[in-house]
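Asks: Take a look at this one; I'll ask things after.
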Amino acid sequence: MEAMHLVETSGIILASLFLLLLGGLWIGLALLVCGFIAMQFAPAGIQIGPALATSAWAGSASWSLAALPLFIWMGEILYRTRLSDEMFRGLSPWLNWLPGRLIHVNVFGCGLFGAVSGSSAATTAMVAKITLPELKKRGYNEMLSLGSLAGAGTLGFLIPPSIIMIVYAVAANVSILQMFLAGLLPALLVMVLYTGMIVVWSLMSPGTSPPPAPKMSFRQKVRESINLIPILLLIVLVFSSLMLGWATATESAAWGVLGSLVIAGYQRSLTWQTFRESVMGATRMTSMIMLILVGAGYMSIAMGYTGIPNALATWVDGFNLSPYALIAVLTILYVLLGCAIDGLSMIVLTTVVVLPMIQQAGFDLIWFGVFLVLMVEMAQITPPVGFNLFVLQTMSGRDSLTVAKAALPFFGLLLLTVAILTIFPGIVMLLPKMAFPG
């Protein structure tokens, strides 16, 4: 009887959430309302006001979260520089020999900008701004250009410093640095798979690529790439300060902001207008994320009082699923969720229910964080709410279904990556265990 009551309660809460979201209410406010509804089913004597105040403070007063607005600001500053122009000029001479040629700039460019952005949508927009017109002008296959951009743009979440990784690390109470390290090898794996896809596609369809550009000497290639050196130095500064223990995540984010301001000044793209726009852009993004975190924290506490998360974990455990079967079920669940809500909301909504199951099944929370990031990447290219699809729809003039069709092969490669990392979890855990052998 108690189990039936909890099922009914969870059904009411979830139905309320979807109705609120369909009505257009902001996700953070919808979570707060659902938390209030859940508190109506909590045991008597629990006060709603103090619970809200406690959860709001606990969800926002984290020193680890101080890195979030700084990394966002760093990406906003660099978004307003000439990085995209310099990136195409600097990368294209080195990639011209590969089958698919300049389409590979999408993959490596997104990897480069993802390392200083932390945002998938910003990475996609930044790279697409210059590569889409250039590739179209040179006669490259449009579907391959769009698909590679949609897929590679998701690297902004997997390559540190990742906004999603910071949010998950705070929600799961794990090390931000370990999460950053855990994402490096999977990101490299995804880039290799994407590059392989472009090579195979180009070899099977020779007419999709124009003739190669004239060969350049090594000195000419270096001269074309010289303006990428400041960005590469900034990436090395941020990562080395983290990995060598010279700075915390927040301190390295501050160094990243300083470095991005220096680069913007060096490129003469730093004006009072661009400075103000970068501050306002970072403020808006941070405010949105913090509202979601506060709402999710309140809903998590309310759900905890009702006993629903533990009951669901026990219920799933009763099926005696193997670890692989559990991951398969969660993959299907997150793919379906990705069709309805954005990636950040997926994480903050589900961690309170899913983490007990994951720990009971024996999975490492760092490994599961990378799994979740990959699920969020899939959500970015899943219609109807995939943000990368919206970005490319706007920038290419194509409808979202055309862009989604182009991204489908790269969606499949993300699924393949999940399978590989599930079978070989050591790929994820190698660097965190090397850095933290205890």
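First residue of the sequence shown? That's 0 in numbering that gives the first Met the number 0, and the numbers climb one at a time after it.
Think of the CB as a built atom: it goes at the ideal place given N, C-alpha and C, for glycine as much as any other residue.
(1) By Cβ distance below 8 Å, which residues in the same chain neighbour L429 in space, the five residues on each side in sequence not counted?
(2) Alpha carbon to alpha carbon, how far is I326 from G108? Give it in angstroms, no decimals.
(3) Measure the alpha-carbon distance for K136 versus L412 and round it to whole angstroms.
(4) Provide the residue span of the alpha helix (DSSP H) that contains A37, from first to last.
(5) Classify Y167 as buried or exposed, calling it buried when 16 or more other Cβ atoms lie within 10 Å of its own Cβ.
(6) Measuring straight from C-alpha to C-alpha, what distance separates L187 and F370?
(7) Residue range of the alpha helix (DSSP H) that N387 falls in?
(8) Quick one: give me the first and last residue of the alpha helix (DSSP H) that I225 is part of.
(9) Any chance the region 234 to 241 sits against the region 191 to 204, with 3 or more Cβ pairs inside 8 Å?
(10) Which residues in the same chain have their Cβ closer than 8 Å to the Cβ of G255, if we skip the five residues on either side of it in sequence?
(11) Which residue wins for smallest C-alpha separation from N105, given the options E133, L21 and T80?
(12) Rank L414, F274, T305 and I291 by C-alpha distance to the C-alpha of M345 and give the top, closest one.
(13) Taking Cβ to Cβ, would you say I175 is nearer than 8 Å to A248?
(14) To the nearest angstrom, report how far apart G113 and L77 are at their CA atoms.
(15) Which runs of the beta strand (DSSP E) spanning at least 3 residues fall entirely within the region 334 to 373, listed in chain order?
(16) Can you tell which of I162, M356 and L243 has its C-alpha closest to the C-alpha of T285?
(17) Report the rounded CA-to-CA distance for V375 versus M203, giving the unit in angstroms.
(18) If you check the beta carbons only, do I228 and L82 fall under 8 Å apart?
(19) Less than 8 Å separating the beta-carbons of L97 and A295?
Replies: Taking the structure as given:
(1) L184
(2) 31 Å
(3) 28 Å
(4) I26 to M38
(5) buried
(6) 15 Å
(7) F386 to S395
(8) Segment: none, I225 is in no alpha helix (DSSP H) and carries neither H nor E.
(9) no
(10) L69, F70, M73, V115, P160, L233, L236 and V237
(11) E133
(12) I291
(13) yes
(14) 11 Å
(15) none
(16) I162
(17) 31 Å
(18) no
(19) no
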